[in-house]
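First comes the structure, then the notes that go with it.
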Amino acid sequence: MSMPEDSSLAAVREQWQAHARHAASRHAEIEQCMHRLWQHGPAREALLGEGAREKLLNLATGNALHTEALTAMGRGDLETGNEHLERAKEYLREAELDR
926 MSMPEDSSLA AVREQWQAHA RHAASRHAEI EQCMHRLWQH GPAREALLGE
976 GAREKLLNLA TGNALHTEAL TAMGRGDLET GNEHLERAKE YLREAELDR
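Those letters in the sequence shown? Residues 926 to 1024, per the working numbering, in order.
Here it is as structure tokens:
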């Protein structure tokens, strides 16, 4: 298997960086929404069910780690990106809101 040409590698890197920027902006929106839910404890529990506080924390952490994974991969640091991605998956599984 041959290595991609420099221009192809640069294009892939730019795609990853664009995806990471988009993920970071979405993370900020999600974080704001979670903060509003956090402030309204009784409504939060009614909307999200028992354990909503922990679920929100896991969701926020999972989203942040996912953004960090994409950022690391965009820099070409696949090892760190994959580590963050695995950790993000664990937090997001714990945050399943329908449990």
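We treat Cβ as the ideally placed atom computed from N, Cα and C, and that holds for glycine. Quick caveat, the model's predicted, so the values are computed rather than measured.
- For the set Ile955, Ala953, Arg978, Glu954, the Cα lying nearest the Cα of glutamine 964 is the one of Arg978.
- In the structure shown, alanine 1020 adopts coil according to DSSP, grouped into three states.
- CA-to-CA, the gap between alanine 997 and alanine 943 works out to about 12 Å.
- Here arginine 1012 carries a helix assignment [DSSP, helix/strand/coil].
- Within 10 angstroms of the beta-carbon of glycine 1001 lie fewer than 16 other beta-carbons, which makes it exposed.
- In chain order, Asn983, Leu984, Thr986, Gly987, Leu990 place their CB closer than 8 Å to the CB of tyrosine 1016, counting only its own chain and leaving out the 5 sequence neighbours on each side.
- With a cutoff of 8 Å on beta-carbon distance, leucine 981 and methionine 959 are scored as near each other.
- The C-alpha of alanine 1020 lies about 19 Å from the C-alpha of glutamate 1008.
- Spatial neighbours of serine 933 in its own chain (CB-CB distance under 6 Å, excluding positions within 5 residues in sequence) are not present.
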